[in-house]
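Peer 1: Numbering (this note's numbering), first residue to last: 1436 to 1597. Take this structure first; my questions come after.
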Amino acid sequence: MYLLGGSVLRTGIVAASKLPKERSTLLVRLMAAGPLLPTASAELFDLPPDAPERAVAERNLVRLYHALAQKPNRDPEEEEFIETMYETMEEYRAEGLVKGHVQGRTEGFADALLTVLRGRGVAVPDTARDRIRAEKDITRLTHWLERAGVVTSIDDLLTDAR
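Shown next as structure tokens:
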């Protein structure tokens, strides 16, 4: 850390690249980005899933990964980050840590399904509404949503043999 200024306007500058590679400096190294990002990202995902550092930074790194993956012209630092994160992201998916995304998607499909049924005047009793909201199979929800435009009753929708 470099200190500048007098006693009134004292300012400190942290040279993130000079910080030791330890857990206590991880979040600062992540924020510094640039050439430190790939290594710091890998360190973050090596921490236990319930580590506070992961709670703070994980979602933003995943968003950055997806944003950079879609960017047509990446600089070398971005390419290195993508390459480093690729394997980590595969593990991230395998561990089920994208559960929130999947949950949000199924909830969205269930809401859309109920909206279509309501718009068409199809009565949906509470038990059927609960079943639709509890469904976690995106394929089944997609099928139901496709059929919601043609069924005449909730029983026709939910008893379809698929």
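Here a beta-carbon is modelled for each residue, glycine too, at the ideal position from N, C-alpha and C. All of these numbers come straight from a predicted model, not from anything done at the bench.
(1) Straight-line CA distance for Ala1596 to Ala1583?
(2) Using a Cβ-Cβ cut-off of 6 Å (strictly less than) and excluding sequence neighbours within five positions of Val1551, which residues of its own chain qualify?
(3) Check whether the Cβ atoms of Glu1488 and Leu1482 lie closer than 8 Å to each other.
(4) To the nearest angstrom, how far is it from the Cα of Gly1554 to the Cα of Ile1573?
(5) Please report the residue range of the alpha helix (DSSP H) in which Val1497 lies.
(6) Would you mind stating whether Leu1476 and Thr1523 have Cβ atoms separated by less than 8 Å?
(7) Here's a check: name, in chain order, each residue in its chain whose Cβ is nearer than 8 Å to the Cβ of Ala1547, leaving out the five neighbours to either side.
(8) Would Ala1492 be called buried (16 or more neighbouring beta carbons within 10 Å of its own) or exposed?
(9) Specify whether the region 1508-1524 and the region 1465-1475 touch according to this definition: at least 3 beta carbon pairs, one from each stretch, less than 8 Å apart.
(10) Tell me where the alpha helix (DSSP H) around Val1463 begins and ends.
Peer 2: The structure says:
(1) Locating residue 1596 in the sequence shown gives position 161, where the first residue counts as 1. Locating residue 1583 in the sequence shown gives position 148, where the first residue counts as 1. Only weak support is given to the placement of Ala1596: the predicted model assigns it a pLDDT of 49, under 50, and the question is left unresolved by the model.
(2) The residue labelled residue 1551 in the question sits at position 116 within the sequence shown. Hits under 6 Å: Ala1583.
(3) Translated into the one-based positions of the sequence shown, residue 1488 becomes position 53. Translated into the one-based positions of the sequence shown, residue 1482 becomes position 47. Going by C-beta atoms, Glu1488 is nearer than 8 Å to Leu1482.
(4) One-based indexing of the sequence shown puts residue 1554 at position 119. One-based indexing of the sequence shown puts residue 1573 at position 138. Between Gly1554 and Ile1573, the C-alpha separation is close to 22 Å.
(5) Here residue 1497 refers to the residue found at position 62 of the sequence shown. Run containing Val1497: Pro1487 to Gln1505, per the alpha helix (DSSP H) assignment.
(6) In the sequence shown, residue 1476 corresponds to position 41, counting from 1. In the sequence shown, residue 1523 corresponds to position 88, counting from 1. Going by the sequence as given, residue 1476 is Ser instead of Leu. Their beta carbons are under 8 Å apart, which means Ser1476 touches Thr1523 by this criterion.
(7) The sequence position of residue 1547 within the sequence shown is 112, counting from 1. Correct list, in chain order: Leu1580.
(8) As a position in the sequence shown, residue 1492 is number 57, starting the count at 1. That one is buried.
(9) yes
(10) Taking the first residue of the sequence shown as 1, we reach residue 1463 at position 28. Per DSSP, Val1463 belongs to the alpha helix (DSSP H) from Leu1461 to Ala1467.
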